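Data block below; observations after.
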Amino acid sequence: MTAQLPILAIAPLLFGAFAVTAGRFLFRRANYAVASLALAASFTASVLLAIQILTQGTAIYFVGGWPPPIGISYVADPLSALMLAFVSGAALCTFLASKAEIETSYPLKNSAFYALFLLAVAGHMGIVITGDAFNLYVLIEVAALSGYAILAQGRERAMLSSLNYLFVGSLGASLYLLGMGYLYIMTGSLNMADLSGIIAQLAPGGLSGSTALAAAWGVILAGLFVKMGLFPFHSWLPGPISFSAAPAAALVAPLTTKVMAYVLVRMIISVFTPDAAWSLPAINTLVLLLATAAILYGSFCALAQRSLRKMLCFILLSEVGYMVGGAFLGNRAGLTGTIYHIFADLLMTLCLFLAASNVERGTGGRFSDMGGLFRRMPVTAAAMVMGGLSMIGVPPFCGFFSKWYLLSGAITAGSYAFAGALVLSSLVNAVLFFRIFEIGFFGTPADRASPSATSGEAAHRHPEPLPFFCDEMPAARLAPLCVVAASLVAMGLLTGEVVRLVVSAVLPPGLG
Amino acid sequence: MPELFAEFGNKFHYYSYFAIMMIGLYAMIAKTNLLKKCIGLGIFQTAIMLFYVSIGAKTGAGIPIIDPAVGTADPAAYANPLPQVLMLTAIVVSVATLGVALALIQNIHRDHGTIEEDEILQRLRGK
Amino acid sequence: MKRLALFAVILAGVLFAATASEFPRLGAVDSAPSRHVSPAYIQGSQPQTHTPNFVTSVLADYRGFDTMFETTVVFLAGMSCFFILRALRRRGITEVYYYRHKPTGVVLAMLAPRRVSPHSSCFERIDADWTPQDMVVETMCLFMVPFIQVFALYVIAHGHYSPGGGFQGGVLLAASFILVGLSRDLRTVESLLTEKTAILAAAAGVCIYAGTGLLALCFGGNFLDYGAYASFFGVAVPAARSMGILIVEIGVALTVMATLVTIYKLVSSRGTVEEGL
Amino acid sequence: MILEIKIAMLVLVIVCAVASITIKDLLGAAVVFGTYSFMMCLLWVSMAAVDVAFTEAAIGAGISTVLMIAAVFRTTRRTKD
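As given, the protein sequences belong to chains L, V, P and F, one line each in that order.
Basically the numbering used here = 1-based index in the first sequence + 11.
Basically the numbering used here = 1-based index in the second sequence + 3.
Quick note on numbering: the numbering used here labels position 187 of the third sequence as 180, and the sequence is numbered without any gaps.
Basically the numbering used here = 1-based index in the fourth sequence + 508.
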């Protein structure tokens, strides 16, 4: 059965989604359990797959029994197997942590939400593991379509910003499809490994030898940048994530941009090969410039925000700049930093968004509501401190190591503007998070007009000393958060292993 | 100059696909009406499908179903089935996207009373 | 803004046109796509899957995995529309129903808890924006429905040999229901194919597809490897693949039909599934 | 297929595309968009892509147009651009 693990990681999500859809009419009360069971089964299968791949090496799974390039193949190499485990783990944590919120945010429709959630996760996991360029497009659409729907429920602007996301997202996916059309017309194949061989034959001296291949790379990049929200194409990203209900934001925010950055890395490593992908100086310079601009723009916009989730959205934008910039520095350290940062940033964003949804539920999302946070919600606040420190780049946390690789890559490549932007963004992050810590630690608790105690007329008149655990969330919400926060440290301590087993295993050996 | 004309004659269909694509893109950028944007998205996606389907065309080839009189010895006798399959998928994806977009548009109209994007933004700012 | 957009779009168009120089001319027999992978489909379809229509065999077998996710996308669109648009009725909201007295044409408006029995012979429920309908149009449209459905079933079942298959057949089936909705009213469609049935059918269709794939694991094949059913059906491998294609096409048709009818019902009634176009 | 017919169909497709985004009546725009899809379907028949043309005729020109008309009917018909 171990040979079937790649498909067993995804099948439970599909069947789980169909089961909860039918379960709306048949076993409504058990739906949450069915959905969590599907996520847990998928997580188990992907962890087993990751262990198998890391010990035994890359496995290629032929869907339908047809060998590539005739059929579609799933490629489980160390990078995709680990990413698969991270994606399903993140989804499981989000789902377990936001049970109460799903039930209050989507009354009467929570079975539909479970189905959409499971299919969104299935789409993201499929994107990670597929080895076929067109299958990737279909899976991007599966992931995106469910994202549009679950982000649409929320505050008044949620619908409009979700529709905007739909237009931009479909445009990005269509551009990717067009780029694949360019590759298909030149090579006649859709399988990534096959494509890479044919591209090397067609353009032995790099992409500058062939206008159509260079254009294909440009169009695919444009599509991916639109989908991941790099600086000039970022306008769709902050809206849906900050206006939607918390569970949807906590799912989409960590996954979408990171998985798209993963696709970018996959395109560089597996389809074009790094030498060819970096062979166009014009594209490299332009992309580095955009990445630098994205980092600066995200950081400075984050400074201007007054609410926690909006601030996180803009930090997300600057993190996209980190990953894209590192991939185009043109050296091994930069690409290592990008790959490592995809994993690290997934954990950091997940930790911060989960903490933010706890804070929003307990006190309200604006900074002015967050006084006394450390007294009122100590565990959540501790997790937030860990996420924040990792985002700033303090050594034992994983955020430090990715920044270290990116910085050394930038200095090797002589791209000092990018290096400067990285350092500046760390400083800005420090300002941002220490401002929150200050409010939370020294600020006076606002009146207790929190959602949990809106009828507190009496509390106004008799301010009592607050008990220690007064507003902390139940353990079911804290446990996933603590696991994620602990994994930030674990990931930081295991950096050497991750880079040796995962990153070095997928990068071509001759890469400078 | 004659080479240029010959080149144009060989490639004119690609140029017209890009022209259709750009008409759709223009509608998505410049139009403020949300339904017009949907139509623009549809035009953009259809133009890409047209590009793919044209890849599969072969001069003098028949439809991709076995003709017993011809047999399958020569693949050049049949149009390339692969781009057609891919575009079947893309058509279905595009109608799915359209359905979701229309559902969102109806809800926006219910909440704001209009489907002009600039008017909605003005109202939201006014609040 | 519009000028800027026009300028940007024209610029992009010129850039795209400049990249077309290396493309093969239209209909080139020696282009890379014509030579590389597609001959394997053209020559392999009949001996490997017993399917003369290459598009069907590539769609449902060689690249069946794409099609499974494509069906999932359709299902997802239905669920998304339901999730976004469906206005589930809560208790305590009063609604008005309109009833038309057939012999006299008098219209009654009734507040929600009270309603006329749906089986009443002299009252019929009408939409709020009801207009007198032409009997010829209605009768002819309803007369067409069974023919459309028979043709749809033919398209599904004959997809191996002629253009067509699950998607096209499913769309035609959905079109027959939508025709009823357009010519009569939405309640007739709702009584023919209730929302619950439609959602269950959509889920069942994708389940048939994915289940066919997963069951192959039990027979020792890979996911979606219909050839593994050869011993189960007691036929040769290509015949088993042909049967597998038929089964998944039926699943696809079920999902497409149910989903498109659901989307139509939701979009045409603003999510209430009470009054259609 | 004869080249002139193909060119004529391409021109018709472009005309329909321009018309559907310039018409100020949304119902008209939806119907012209259906025509655009149908012209596209004819073009695909000329490229021997019968399955795609069948699907486009059923989905693009049929169901999409019906859905769009339903949406216009339930929202508004007028637009300023």
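Ideal Cβ placement from N, Cα and C applies to all residues, glycine included.
Keep in mind the model is a prediction, meaning the values are calculated, not measured.
(request) Within 10 angstroms of the Cβ of G213 of chain P, are there 16 or more other Cβ atoms? Answer buried if so, exposed if not. (result) Taking the third sequence and counting its residues from 1, one reaches residue 213 of chain P at position 220. Exposed is the call here.
(request) Flag L218 of chain L as yes if its beta-carbon sits less than 8 Å from any beta-carbon of chain P, otherwise no. (result) Start at 1 with the first residue of the first sequence, and residue 218 of chain L comes out as number 207. No - not a single Cβ of chain P is within 8 Å of the one on L218 of chain L.
(request) Give the DSSP-derived three-state secondary structure of S246 of chain L in the structure shown. (result) For the purposes of this step, residue 246 of chain L is taken as residue 235 along the first sequence, with counting starting at 1. Helix at S246 of chain L.
(request) Using a Cβ cut-off of 9 Å, pull out every chain P residue sitting near Y521 of chain F, in sequence order please. (result) Within the fourth sequence, numbered from 1, the residue matching residue 521 of chain F stands at position 13. The sequence given here places Val at residue 521 of chain F; Tyr does not occur at that position. Within chain P, no residue comes near V521 of chain F; the closest Cβ sits about 15 Å away, beyond 9 Å.
(message) Just checking: is the beta-carbon of R166 of chain L within a distance shorter than 8 Å of some beta-carbon in chain V?
(response) To locate residue 166 of chain L, count along the first sequence from 1; it is residue 155. No, R166 of chain L lies away from the interface with chain V (no Cβ there is under 8 Å from its Cβ).
(request) With DSSP as the reference, label M322 of chain L as helix, strand or coil. (result) If you number the first sequence from 1, residue 322 of chain L lands on position 311. Correct three-state label for M322 of chain L: helix.
(request) Look at F68 of chain P and T205 of chain P and say whether their C-beta atoms are less than 8 Å apart. (result) Sequence index remark: in the third sequence, residue 68 of chain P carries index 75 (1-based). Sequence index remark: in the third sequence, residue 205 of chain P carries index 212 (1-based). No.
(message) Taking DSSP's pairing of strands, which residues face F116 of chain P in a bridge?
(response) Here residue 116 of chain P is taken as the residue at index 123 of the third sequence, counted from 1. DSSP lists P:H94 as partners of F116 of chain P.
(request) Using 10 angstroms around the beta-carbon of D70 of chain V, count the other beta-carbons present and answer buried if the total reaches 16, otherwise exposed. (result) Against the second sequence, residue 70 of chain V aligns to sequence position 67. When all chains shown are included, D70 of chain V counts as exposed.
(request) Quick one: residues in its chain with C-beta nearer than 7 Å to the C-beta of D178 of chain P, no 5 flanking neighbours on either side, listed in chain order? (result) Position 185 of the third sequence holds residue 178 of chain P. Once the five neighbours on either side are set aside, the close Cβ partners of D178 of chain P are D120 and G269.
(request) Let me know the secondary structure DSSP gives N36 of chain V once reduced to three states. (result) Within the second sequence, residue 36 of chain V is the residue found at index 33, counting from 1. In the structure shown, N36 of chain V sits in a strand (DSSP, three-state: E or B).
(request) Return no unless some Cβ of chain L is closer than 8 Å to the Cβ of P26 of chain P. (result) Position 33 of the third sequence, counting from 1, holds the residue named residue 26 of chain P. Yes, because at least one Cβ of chain L sits closer than 8 Å to the Cβ of P26 of chain P.
(request) Using only alpha-carbon positions, find the residue among L:I279, L:E508, L:F364 and L:A56 that is nearest to A227 of chain L. (result) What you label residue 227 of chain L is simply residue 216 of the first sequence in a count that begins at 1. Ranking L:I279, L:E508, L:F364 and L:A56 by Cα distance to A227 of chain L puts L:I279 first.
(message) So V260 of chain P contacts chain F; which residues on that side make the cut at Cβ distance below 8 Å?
(response) On the third sequence, residue 260 of chain P is found 267 positions in, with the first residue counted as 1. Near V260 of chain P (Cβ distances below 8 Å), the residues of chain F are L575, A578, A579 and R582.
(message) Alpha carbons only, please: which of P:A53, P:Y34, P:L8 and P:R(-4) is nearest the one belonging to G158 of chain P?
(response) Numbered from 1 along the third sequence, position 165 holds the residue referred to as residue 158 of chain P. Looking at the Cα atoms, P:A53 is the closest of the given residues.
(request) Would you please verify whether the beta carbon of L550 of chain F is less than 8 Å from any beta carbon of chain V? (result) Locating residue 550 of chain F in the fourth sequence gives position 42, counting from the first residue. No, its Cβ sits nowhere closer than 8 Å to a Cβ of chain V.
(request) Find the residues of chain V that neighbour F163 of chain L, judging by a C-beta separation of less than 7 Å, and give them in chain order. (result) Working through the first sequence from its first residue, we reach residue 163 of chain L at position 152. Note that residue 163 of chain L corresponds to Ala in the displayed sequence, not to Phe. Going along chain V in sequence order, the residues near A163 of chain L (Cβ under 7 Å) are L107.
(message) At 4 residues or longer, what runs of the alpha helix (DSSP H) sit wholly inside the segment 122 to 192 of chain P?
(response) 128 to 150, 159 to 176 and 179 to 185
(request) Since I believe A108 of chain L is in contact with Y492 of chain L (beta carbons under 8 Å), could you give me their beta-carbon distance rounded to a whole number of angstroms? (result) Stepping through the first sequence from its first residue, residue 492 of chain L is reached at position 481. Stepping through the first sequence from its first residue, residue 108 of chain L is reached at position 97. In the sequence on display, residue 492 of chain L carries Leu and not Tyr. L492 of chain L to A108 of chain L, Cβ: 6 Å. Contact.
(message) Is there a Cβ of chain V sitting closer than 8 Å to that of G85 of chain P, yes or no?
(response) On the third sequence, residue 85 of chain P is found 92 positions in, with the first residue counted as 1. Annotation note: pLDDT 48 at G85 of chain P (below 50); position unreliable, no value reported.
(message) If you measure between the beta carbons of L25 of chain L and T44 of chain P, is that distance less than 8 Å?
(response) Translated into the one-based positions of the first sequence, residue 25 of chain L becomes position 14. Translated into the one-based positions of the third sequence, residue 44 of chain P becomes position 51. Going by C-beta atoms, L25 of chain L is not nearer than 8 Å to T44 of chain P.
(request) Give, in chain order, every residue of the segment 177 to 198 of chain L whose Cβ lies closer than 8 Å to some Cβ of chain V. (result) L177, F178, S181, L182, S185, L188, L189, G192, Y195 and I196
(request) Can you grab the Cα-Cα spacing for the pair G382 of chain L / I450 of chain L, in whole Å? (result) For the purposes of this step, residue 382 of chain L is identified with residue 371 of the first sequence, where counting begins at 1. For the purposes of this step, residue 450 of chain L is identified with residue 439 of the first sequence, where counting begins at 1. In a straight line, the C-alpha of G382 of chain L is about 5 Å away from that of I450 of chain L.
(request) Compare the beta carbon distance of T222 of chain L and A25 of chain P with 8 Å and say whether it is the shorter of the two. (result) If you number the first sequence from 1, residue 222 of chain L lands on position 211. If you number the third sequence from 1, residue 25 of chain P lands on position 32. No, the pair does not count as a contact, with Cβ atoms beyond the cut-off.
(request) Would you kindly report the start and end of the unbroken alpha helix (DSSP H) that includes I71 of chain L? (result) Taking the first sequence and counting its residues from 1, one reaches residue 71 of chain L at position 60. Per DSSP, I71 of chain L belongs to no alpha helix (DSSP H); it is in the beta strand (DSSP E), A70 to V74.
(request) Give the DSSP-derived three-state secondary structure of A76 of chain V in the structure shown. (result) Start at 1 with the first residue of the second sequence, and residue 76 of chain V comes out as number 73. DSSP places A76 of chain V in coil when its eight states are reduced to three.
(request) Report the three-state DSSP secondary structure of R(-4) of chain P (helix, strand or coil). (result) Taking the first residue of the third sequence as position 1, residue -4 of chain P is located at position 3. Here R(-4) of chain P sits in helix by DSSP.
(request) Would you please verify whether the beta carbon of S97 of chain V is less than 8 Å from any beta carbon of chain P? (result) Along the second sequence, one-based indexing puts residue 97 of chain V at 94. So, not an interface residue.
(message) Helix, strand or coil for I118 of chain V? Go by DSSP, reduced to three states.
(response) Walking along the second sequence from the start, residue 118 of chain V turns up at place 115. Of the three classes helix, strand and coil, the one that applies to I118 of chain V here is coil, per DSSP.
(message) Rounding to the nearest angstrom, what Cα-Cα distance links E508 of chain L and V405 of chain L in this structure?
(response) The sequence position of residue 508 of chain L within the first sequence is 497, counting from 1. The sequence position of residue 405 of chain L within the first sequence is 394, counting from 1. Cα-Cα distance, rounded: 19 Å.
(request) Could you check what DSSP says for S200 of chain L in three-state terms: helix, strand or coil? (result) For the purposes of this step, residue 200 of chain L is taken as residue 189 along the first sequence, with counting starting at 1. Three-state DSSP puts S200 of chain L in coil, outside helix and strand.
(message) Against chain P, with Cβ distances strictly below 8 Å, would H16 of chain V count as a contact?
(response) The residue you call residue 16 of chain V lines up with position 13 of the second sequence. Yes - at least one Cβ of chain P is within 8 Å of the one on H16 of chain V.
(request) Let me know the secondary structure DSSP gives S261 of chain P once reduced to three states. (result) Reading the third sequence from its first residue, position 268 is the one you call residue 261 of chain P. Helix.
(message) For E117 of chain P and S176 of chain P, I'd like the C-alpha separation in whole angstroms.
(response) To locate residue 117 of chain P, count along the third sequence from 1; it is residue 124. To locate residue 176 of chain P, count along the third sequence from 1; it is residue 183. Each residue's alpha carbon lies about 16 Å from the other.
(message) Let me make sure I understand the geometry here. Which of L:S379, L:V390, L:T267 and L:L188 has the alpha-carbon closest to that of G454 of chain L?
(response) Your numbering for residue 454 of chain L matches position 443 in the first sequence. Cα-wise, what sits closest to G454 of chain L is L:S379.
(message) Just to make sure I have the definition right: I need the residues of chain L whose C-beta is within less than 9 Å of the C-beta of V56 of chain V. Which are they?
(response) Within the second sequence, numbered from 1, the residue matching residue 56 of chain V stands at position 53. Ordered by position in chain L, no residue passes the 9 Å Cβ test against V56 of chain V, which lies about 10 Å from the chain.
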